[in-house]
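Worksheet: the structure to be examined is printed underneath.
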Amino acid sequence: MRFFVSFSLLSSLLLASEPSVFGAGNLNQPNPYGLTAEEKLILENKQEIQAVVQKNNIQNAKVETVTERLDGLQTIVEGLGQSVNEQRIALQKITDSSENDANLTSSINELRQQTAANSENITQLKTLLEELSHVVDSVNTSYVSKEEFSLLMKQLKTTLPIKGESSGKMDAKAIEKKAKELFDQQKYEEAQNYYQMLIQKKYKVDEANFWIGETYFHRKEYKQAVSFYKESASLYDKAPYMPTLLLHTGQSMEKNGDYTSAKAFYKATINKYGGSGAANEAQERLSKLK
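The sequence shown begins at 1437 in our numbering and counts up one residue at a time.
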């Protein structure tokens, strides 16, 4: 399993200066206007860097959590394995010494049943360990690589200084409404900017991450979509959009050629949200992958 380095130093490069008087050419306001070609490049680099910081911070936390689960499950498997061996030895001793003793038949049968149950538990836990290991690998490959991050840093250093930021006048509810209107009009890039504003305002952050994932999904940028889906699910996994989130994560994995992960997400959609439209579509897609 691979782990990513922390990018905490990046945030210091993104601090804004004093507010602009007129706002034109202001790259740090929520919806910049009047930008030159160079300033547009700066804005794109800034947004991409901020997204990279966010994705890599949550990656480290998720990998650490899954790793702890793996260690715990490995300990359980080892303990059960030792217990099964001890039970088999005890069973053999009882069998050897009780060939003519009918009173011990019940004890023998109970030990056999317990041994069989523990063996089944070990098999299931080993399967879960393999699945969790695959999830860790999938998380690592779904995030920006160290080389890509270094390239973005180099681009940032070669551009012009970032100007100050003017506070937006729209409240969070108005921003949310505007973002959904733009999304419904299939203006995904513009909608994404508004959803990013919601995240900055710490308003419905889990939902905003989901919709940003959707803007990437509909633009067929599946790797980025998966990152925002994961962030959304990590913040709140009981949201009404979760069936769609799991389904689209599976589709994104499938489009990226990760069929094993795609199957896992399709199965999760079916098992957790059986009977929903997303579960039905997941079933159709899963049948085509078998």
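A virtual CB, placed ideally from N, CA and C, is assigned to each residue, including glycine.
Is the separation between the beta-carbon of residue i and that of residue j shorter than 8 Å?
i	j	result
Thr1551	Leu1527	yes
Leu1683	Thr1651	no
Leu1671	Asp1642	yes
Ser1395	Phe1653	Residue 1395 lies beyond the range of the chain shown here (1437 to 1726); nothing can be said about it.
Val1715	Pro1676	In the sequence as presented, Val is not what sits at residue 1715; that position holds Ala. No, they are not a contact pair.
Ala1644	Tyr1631	yes
Under a Cβ-count criterion, where at least 16 other Cβ atoms within 10 Å of its own Cβ denotes burial, should residue i be classed as buried or exposed?
i	result
Tyr1695	exposed
Thr1559	exposed
Glu1522	exposed
Gln1621	exposed
Ala1610	exposed
Asn1545	exposed
Ala1615	buried
Gln1628	buried
Ala1718	buried
Val1575	Bear in mind that the predicted position of Val1575 carries a pLDDT of just 49, short of 50, making it unreliable; the figure below should be weighed with that in mind. Label assigned to Val1575: buried.
Leu1450	For Leu1450, the predicted model reports a pLDDT of 39, less than 50, meaning its position is unreliable and no value from the coordinates is stated.
Please check the pair residue i and residue j, which I expect to be a contact at CB under 8 Å, by giving their CB distance rounded to whole angstroms.
i	j	result
Leu1725	Lys1703	In fact, because the Cβ distance is near 11 Å, the residues do not count as touching under 8 Å.
Lys1659	Asn1692	6 Å
Tyr1665	Gly1649	4 Å
Just how far apart, CA to CA, sit residue i and residue j?
i	j	result
Val1662	Thr1511	31 Å
Arg1524	Asn1493	47 Å
Leu1701	Thr1685	The sequence given here has Phe at residue 1701, not Leu. One C-alpha to the other measures close to 7 Å.
Gly1600	Ala1608	Per-residue confidence for Gly1600 stands at a pLDDT of 32, beneath the threshold of 50, marking its modelled position as unreliable; the derived number appears in the next sentence. Each residue's Cα considered, the two are about 21 Å apart.
Glu1504	Ala1669	19 Å
Gly1711	Arg1548	40 Å
Lys1491	Glu1667	8 Å
Lys1613	Val1520	59 Å
Ile1635	Glu1690	28 Å
Glu1500	Asp1507	11 Å
Ala1487	Glu1514	40 Å
Gln1495	Ser1555	34 Å
Lys1656	Met1633	22 Å
Lys1529	Leu1681	55 Å
Ala1497	Trp1647	22 Å
Lys1637	Glu1720	39 Å
Lys1674	Tyr1709	11 Å
Leu1722	Gly1713	14 Å
Gln1518	Glu1480	57 Å
Met1606	Glu1626	15 Å
Ala1553	Ser1542	17 Å
Lys1582	Leu1509	Unreliable positioning characterises Lys1582 in this predicted model, as indicated by a pLDDT of 46, which lies under 50. The coordinate reading is nonetheless provided below. In a straight line, the C-alpha of Lys1582 is about 30 Å away from that of Leu1509.
Is there a Cβ from chain B that is less than 8 Å from the Cβ of residue i?
i	result
Ser1723	Of the protein chains in the structure, only one exists, and it is not chain B.
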